[in-house]
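Under the numbering used here, the residues of the sequence shown are numbered 1005 to 1134, in order.
Idealized CB from N, CA, C, for every residue including glycine.
The structure appears right after this line, and notes come after that.
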Amino acid sequence: MVVIEFPYGDAAGARHATAEFLARHCPWADLDAVVLVVSELVANAIRHTGGWWRLCVRAVQGRLVVEIADASPRPPEPRAPDLSGGGGLGWHMVERLANRLEVVDRQPEGKTVRATWLRPVLPPVLPVGG
């Protein structure tokens, strides 16, 4: 498990730690997709909550789970993308890259956003000629 928490970490450190975790524990995961999701979730927590955040990355029973807790009780609000540089792309991208995305553990003092990926099920290998 990887845990990074403000003020001891930043988005770059979160990306690096996530990549190392995936190499060791989830080599089946799409590294670029997961690191991009982590980057977006951490950046959103920094930009939109203005306070404390904590990232947790773990592998559980054939799943990769990324959670970011932050100091805002407000759920993420998807915005219409502004292709002239005004943002609004991140949440939509995160929704497409994760197998499942949900807001969990919503409390007055904050929330947790969870992104989950399922380990692919490989078809059985059949013997040659049989």
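N- and C-terminal bounds of the alpha helix (DSSP H) containing residue i
| i | result |
| --- | --- |
| A1084 | Counting along the chain, A1084 falls outside any alpha helix (DSSP H), and DSSP gives it neither H nor E. |
| E1024 | 1015-1029 |
Local conformation of residue i per DSSP, three classes
| i | result |
| --- | --- |
| R1123 | coil |
| G1091 | strand |
| E1044 | helix |
| A1102 | coil |
| D1109 | strand |
| A950 | This structure cannot speak to residue 950, because the chain is shown only from 1005 to 1134. |
| R1051 | helix |
Whole-Å CB distance - residue i paired with residue j, under 8 Å assumed
| i | j | result |
| --- | --- | --- |
| V1098 | V1107 | Not a contact, Cβ separation roughly 12 Å. |
| L1068 | A1033 | 5 Å |
| L1035 | A1023 | 6 Å |
Own chain residues within Cβ distance below 7 Å of residue i, not counting five before or after
| i | result |
| --- | --- |
| R1019 | V1039, V1042, S1043 |
| A1021 | V1006, I1008 |
| A1037 | L1101 |
| G1066 | L1122, R1123 |
Neighbourhood of residue i by C-beta, 8 Å cutoff - its chain only, sequence neighbours within 5 removed
| i | result |
| --- | --- |
| Q1111 | P1077 |
| R1083 | G1091, G1092, W1095 |
| W1057 | E1009, F1010, V1046, A1049, I1050, I1072, A1073, D1074, A1075 |
Cα-Cα separation between residue i and residue j, rounded to whole angstroms
| i | j | result |
| --- | --- | --- |
| R1104 | P1131 | 35 Å |
| E1009 | V1125 | 33 Å |
| D1109 | G1013 | 22 Å |
| E1071 | D1086 | 27 Å |
| P1128 | V1064 | 23 Å |
| H1029 | K1115 | 26 Å |
| G1089 | G1133 | 57 Å |
| C1060 | P1080 | 18 Å |
Host beta strand (DSSP E) of residue i (start-end)
| i | result |
| --- | --- |
| E1071 | 1067-1074 |
| V1007 | 1006-1009 |
| V1061 | 1057-1064 |
Close-in-space but distant-in-sequence residues of the same chain around residue i (CB under 6 Å, 5 per side omitted)
| i | result |
| --- | --- |
| R1051 | none |
| R1062 | M1005, V1069 |
| T1120 | R1067, V1069, N1103, R1104 |
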